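Colleague: Here the protein sequences come in this chain order: F and X. Position in the first sequence (first residue = 1) + 6 = this note's numbering. Take the second sequence: its position 288, counted from the start at 1, is 283 in this note's numbering, and no numbers get skipped. Pasting a structure here, questions to come.
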Amino acid sequence: MPETLTEPTTVALSDHLRALEAESVHIMREVVAEFERPVMLYSIGKDSSVLLRLAQKAFYPGPIPFPLLHIDTTYKFREMIEFRDRYVAEIGGRLIVHTNTDAIAEGTQPFKVGTKACCGALKTRGLLDALTAGNYDAAFGGARRDEERSRAKERIFSLRDPNGQWDPKNQRPELWQLLNARIRPGESIRVFPLSNWTEIDVWSYIHAEQIPVVPLYYAKEREMIVRGDMLISTEQPFVPRMPGEKPQLVKCRMRSLGCSPCTGAVRSDADTIPKIIEELVAAKNSERQLRVIDHDQDGSMEMKKREGYF
Amino acid sequence: MADLLRICTAGSVDDGKSTLIGRLLYDSRSVYEDQLHSVKKASKNRTAGPIDFSLFTDGLRAEREQGITIDVAYRYFATARRKFILADTPGHEQYTRNMATGASTADVAILLVDARHGVRVQSRRHAQIARLLGIHHFVLAVNKMDLMEFDRAVFDGIVDEFRTILPGANLHAIPISALHGDNVITESERTPWFKGQSLLEFLETVEVARDADTKPFRMAVQLVARPTHEFRGYAGQILSGIVHPGDLVTSWPSGRSSKVKRIVTWDGDLDMAKAGQSVTLTLEDELDTSRGDMLTIGDIEVGQRVRADVVWMDERPLDPGRLYLLKHSTRMVTAEVDHGLELNQIGSVTLSLARPIMFDHYSANRFTGSFILIDPTTNFTSGAGMIAEGLHVRGANAAARTGAAERLARLARTAPSDAEAVDAVRRALEELLS
Ligand SMILES: Nc1nc2c(ncn2[C@@H]2O[C@H](COP(=O)(O)OP(=O)(O)O)[C@@H](O)[C@H]2O)c(=O)[nH]1
């Protein structure tokens, strides 16, 4: 665990973080009360870490009353998987790992089939298959409305048809704190308890609550392929190199975690949470710009959501 | 960052809402940045014009062309003083539904008008919906003042007219130019006659009545936590008021009371919990409380007939010949209505419920006074209701009787065997009649 987590941090939760926390806890409890088979999508990132802490709080003194589902593309950073196994065991979570093994067997990887097809097979298909296999009727996700344009209109309870797809025209209005949990057989919902959180809220909360996160978020010297503005991880051997390209040691960190070939790092000296927050405030780019996937085509997040992705 | 302010915005197409929001998001970030780094005021380029701020948000027009939802969008920004959640409600098409959704959680409504057009029918309607949804603080942003040469008479005329629409409301009117930034973040030199605060300053400092703590204690039970045989806790978010260990709380509809033993949270037991907090209460006595029940200090209205203002949001009209599902706090009941409503219509409706609900008037408590109506066929959230009064609310005795009947039915249903059911019901009856 990086030093930053063990630093004495006596930061009290601000009023607005308390309000966000209470709202998220309320949402989680509604889901557990009204759905038969909830599950939490656990992506190992900072938002998932916050979700887990909120779930611990919501059901205390009981255990988290649903399993955690990780869709493993097999291309995640090694440190993510290590963190996942250690942390989930530590908090006594029930972890289910699902991989689209057929697609992996066919050799699916981003440089062979393209990022869009790769995400489609390993993430979206993997997720839909895992949800169907578990017969889950509600799946928690860590998405926030401030992440991306099409998310700004996302509901807290996002209805999905039997194929897991999202119809942006057919969303139910959400008023007050009243959540409509009615679904028909085969339908399900995605639930976003962090809807009203911003990236800075998430970091501030992690800081105040001293929640462990994957060390990849903290700046450190890492071996990277430097290509223009992009810093690409060398973890997967299939990432093609341009002529003469050699990995270099670069002080950098990840702003969001995904598959190593498709998640760019940013040059950064931010090795503590306060420095990360400071960096974010100054940053002009939203975090998702660093994920290659969103740039495949205009509105690609909306497309992916319609197809069943979070 | 001190606290959280929830805002909703409304305006007709082309009044400049995207431009204004873009500017708030963009400029407030620079305010935040400045203050964080304690650098000098960056007011110079804040009033610069050429950036197209509407691109910074969304450009609803583009969305409409692509056939994407015209829907409430949520935006987030922060200054060193406050964090803001802004519900951006498109001012056309489904505007009644969008406005009601945005306003249902807002503390402040920003109503935008184009100085050239003055108050239009739609502005009037937006203001009335926001008011109906319980908003007390209004910002009237008179935009495009640059096109009217910042003429005071134009501004005053619009403000006077608006005051007649919202009599008695806290109305903070500001002459602005969203495009050029006048009076948005900083006060403009071009309106020397205007002595009020800029929009952002107002939002940073407006004192919204956070009186939820001073109201009677109410908590709707979401879940009964039973991790072990010894522990039985009632989990919920406190809707209003304050509670301490030792307080006598009543569980409705049964009307039975007990003292609070502990206020349990992951962060440790609390000496006190107040409106907005999500907690778990344990009680000294077993009250047979379950999800959908309400814990209160003191009385609450319990009834099966209410009159409410209902906003209808579904293309299928409200039909007095059909049954609907009504969700109020954590309780779902079947409801019938006395007359219909069309899409986007707002009307006063009398509802008859299959089981009682525990409520306050919406004007007294937003959370115990509101409900949604769900169409059981489509499961759509078709209506939003604000309770104006309870009808034939019987006395506390009768309320307790209704509660007792429910409790007996539950005891009978949940008993593991017929013999135990009979036994449980007999004991409960004896207790009631003693
Ligand atoms: N002159 C002037 N034009 C403005 C002002 N605010 C917005 N506009 C223009 O009015 C048009 C509509 O603005 P927009 O923000 O898209 O309106 P919306 O439909 O309400 O979101 C755009 O061409 C803006 O540039 C203003 O304060 N002054």
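All residues carry an ideal CB built from backbone N, CA and C; glycine is no exception. None of these values were measured; they are calculated from a predicted model.
(1) Go through its chain and collect everything with a Cβ distance to R251/X's Cβ below 6 Å, but skip five positions before and after it.
(2) Give me the DSSP bridge partner(s) of C265/F.
(3) Any heavy atom of ligand 1 closer than 7 Å to the CB of S13/X?
(4) Can you give me the start and stop residues for the alpha helix (DSSP H) that E296/X sits inside?
(5) With respect to 7 Å, is the separation between the Cβ of D141/X and the closest non-hydrogen atom of ligand 3 below this value?
(6) Return the residue from the list I130/X, K269/X and D288/X that minimises the CA-CA distance to G236/X.
(7) What residues in the stretch 279 to 312 of chain X bring their beta carbon closer than 8 Å to a beta carbon of chain F?
(8) So what's Y71/X in DSSP terms, helix, strand or just coil?
(9) According to DSSP, simplified to helix, strand and coil, what is I210/X?
(10) Can you look up E285/F in the DSSP assignment and give me helix, strand or coil?
(11) Kindly identify the DSSP beta-bridge partner or partners of Q340/X.
(12) Comparing the C-beta of P248/X with each C-beta of chain F, is any distance below 8 Å?
(13) Look up R18/X in the DSSP assignment and say whether it is helix, strand or coil.
(14) At a CB-CB cut-off below 8 Å, which residues of chain F make contact with Y319/X?
(15) Taking its Cβ as the centre, do 16 or more other Cβ atoms sit within 10 Å of H112/X, making it buried, or is it exposed?
(16) Quick check for students: name the residue ranges of the beta strand (DSSP E) that lie wholly in the stretch 217 to 286 of chain X, counting only runs of 3 or more.
(17) Secondary structure at I206/F, three-state DSSP: helix, strand or coil?
(18) Do you know offhand how far E27/F's Cα is from Y81/F's?
(19) Could you tell me the distance, in whole angstroms, from the CA atom of V417/X to the CA atom of A407/X?
(20) With a Cβ-Cβ cutoff of 8 Å, do V344/X and A303/X count as a contact?
(21) Spell out whether any CB of chain F is found under 8 Å from the CB atom of P222/X.
(22) In this structure, how does DSSP classify D29/X when only helix, strand and coil are distinguished?
(23) Under 9 Å Cβ-Cβ, which residues of chain F neighbour A379/X?
(24) Between T363/X and chain F, is any beta-carbon pair separated by less than 8 Å?
(25) Using a cut-off of 9 Å between C-beta atoms, extract the partners of D10/X located in chain F.
(26) Between which two residues does the alpha helix (DSSP H) carrying I160/X extend?
(27) Decide yes or no for the touch test of the stretch 276 to 294 of chain X against the stretch 305 to 318 of chain X: beta carbon pairs closer than 8 Å, at least 3 of them.
(28) Would Y66/F count as contacting chain X if we go by Cβ distances under 8 Å?
(29) Starting from the N-terminal side, write out each stretch of the alpha helix (DSSP H) that is 4 residues or longer and does not extend beyond the stretch 129 to 160 of chain F.
(30) Within the present structure, is the beta-carbon of D9/X separated from the nearest heavy atom of ligand 1 by less than 7 Å?
(31) So is R92/X in contact with chain A if we call contact Cβ pairs under 8 Å?
(32) If you draw a straight line from the alpha carbon of L(-1)/X to that of G231/X, how long is it in whole angstroms?
(33) Is the stretch 120 to 129 of chain X touching the stretch 145 to 165 of chain X in the sense that three or more CB pairs, one from each, lie closer than 8 Å?
(34) Are any of the Cβ atoms in chain X nearer than 8 Å to that of D143/F?
(35) Taking only beta-carbon positions, decide if S273/X is within less than 8 Å of chain F.
(36) Looking at the C-beta of Q115/F, does it have a partner C-beta in chain X at a distance below 8 Å?
Modeller: Per the coordinate set shown:
(1) The sequence position of residue 251/X within the second sequence is 256, counting from 1. Same-chain partners within the cutoff: L282.
(2) To locate residue 265/F, count along the first sequence from 1; it is residue 259. C265/F pairs with K82/F.
(3) In the second sequence, the residue the question calls residue 13/X occupies position 18. Under cutoff, so the answer is yes.
(4) Translated into positions along the second sequence, residue 296/X becomes position 301. Here E296/X belongs to no alpha helix (DSSP H); instead the beta strand (DSSP E) covers E296 to W307.
(5) Among the ligands in the structure shown, ligand 3 does not appear; only ligand 1 can be found there.
(6) Here residue 236/X is taken as the residue at index 241 of the second sequence, counted from 1. Answer by Cα proximity: K269/X.
(7) R286 and M308
(8) Counting from 1 along the second sequence, the entry for residue 71/X is found at position 76. Residue state, collapsed to three classes: strand.
(9) Within the second sequence, numbered from 1, the residue matching residue 210/X stands at position 215. It should be noted that the sequence gives Lys, not Ile, for residue 210/X. Coil at K210/X, not helix or strand.
(10) Position 279 of the first sequence, counted from the start, is the residue given in the question as residue 285/F. Assignment of E285/F by DSSP, reduced to helix, strand and coil, places it in the helix class.
(11) Along the second sequence, read from residue 1 onward, the residue named residue 340/X stands at position 345. Answer is none; Q340/X lacks a bridge partner.
(12) Indexing the second sequence from 1 puts residue 248/X at position 253. By this cut-off, P248/X is not an interface position.
(13) To locate residue 18/X, count along the second sequence from 1; it is residue 23. Looking at R18/X - three-state DSSP - the assignment turns out to be helix.
(14) Within the second sequence, numbered from 1, the residue matching residue 319/X stands at position 324. Those do not exist, as Y319/X stays about 11 Å from chain F at its closest Cβ, beyond 8 Å.
(15) Position 117 of the second sequence, counted from the first residue, corresponds to residue 112/X. It is exposed - the Cβ of H112/X has fewer than 16 other Cβ atoms within 10 Å.
(16) Entirely contained in the stretch 217 to 286 of chain X, the beta strand (DSSP E) runs reaching 3 residues are, in chain order, 218 to 220, 228 to 235, 243 to 247, 251 to 259 and 273 to 278.
(17) As a position in the first sequence, residue 206/F is number 200, starting the count at 1. In this structure, I206/F counts as helix in the three-state DSSP scheme.
(18) The residue given as residue 27/F occupies position 21 in the first sequence. The residue given as residue 81/F occupies position 75 in the first sequence. Distance between the alpha carbons of E27/F and Y81/F is about 32 Å.
(19) Walking along the second sequence from the start, residue 417/X turns up at place 422. Walking along the second sequence from the start, residue 407/X turns up at place 412. Near 7 Å, if we compare the C-alpha coordinates of A407/X and V417/X.
(20) Stepping through the second sequence from its first residue, residue 344/X is reached at position 349. Stepping through the second sequence from its first residue, residue 303/X is reached at position 308. For V344/X and A303/X, yes; Cβs fall inside 8 Å.
(21) On the second sequence, position 227 is the one that residue 222/X refers to. Interface residue, yes.
(22) Walking along the second sequence from the start, residue 29/X turns up at place 34. With a pLDDT of 40 at D29/X, under the threshold of 50, the predicted position of this residue should be treated as unreliable, though the coordinate-derived value follows. Helix, per DSSP.
(23) As a first step, residue 379/X must be located in the second sequence, where it is residue number 384. What A379/X touches in chain F: P179, L181, W182 and L184.
(24) Counting from one through the second sequence, the residue named residue 363/X turns up at place 368. So no, T363/X is outside the interface.
(25) Here the question's residue 10/X lines up with position 15 in the second sequence. By Cβ distance, chain F contributes nothing, its closest Cβ being about 20 Å from D10/X, past 9 Å.
(26) In the second sequence, residue 160/X corresponds to position 165, counting from 1. Note, I160/X: alpha helix (DSSP H), R147 to I160.
(27) The stretch 276 to 294 of chain X makes no contact with the stretch 305 to 318 of chain X: fewer than 3 CB pairs, one atom from each, lie closer than 8 Å.
(28) Mapped onto the first sequence, residue 66/F falls at position 60. With 8 Å as the cut-off, Y66/F counts as an interface residue toward chain X.
(29) 132 to 140
(30) Stepping through the second sequence from its first residue, residue 9/X is reached at position 14. Yes; taking the cut-off as 7 Å, the Cβ of D9/X has a heavy atom of ligand 1 nearer than that.
(31) Looking for chain A here will not work: the only protein chains present are F and X.
(32) Walking along the second sequence from the start, residue -1/X turns up at place 4. Walking along the second sequence from the start, residue 231/X turns up at place 236. Taking the straight line from one Cα to the other gives about 21 Å.
(33) Verdict: yes, contact present.
(34) Mapped onto the first sequence, residue 143/F falls at position 137. No, D143/F lies away from the interface with chain X (no Cβ there is under 8 Å from its Cβ).
(35) If you number the second sequence from 1, residue 273/X lands on position 278. Yes, its Cβ sits closer than 8 Å to a Cβ of chain F.
(36) Here residue 115/F corresponds to residue number 109 of the first sequence, with the count starting at 1. No, Q115/F lies away from the interface with chain X (no Cβ there is under 8 Å from its Cβ).
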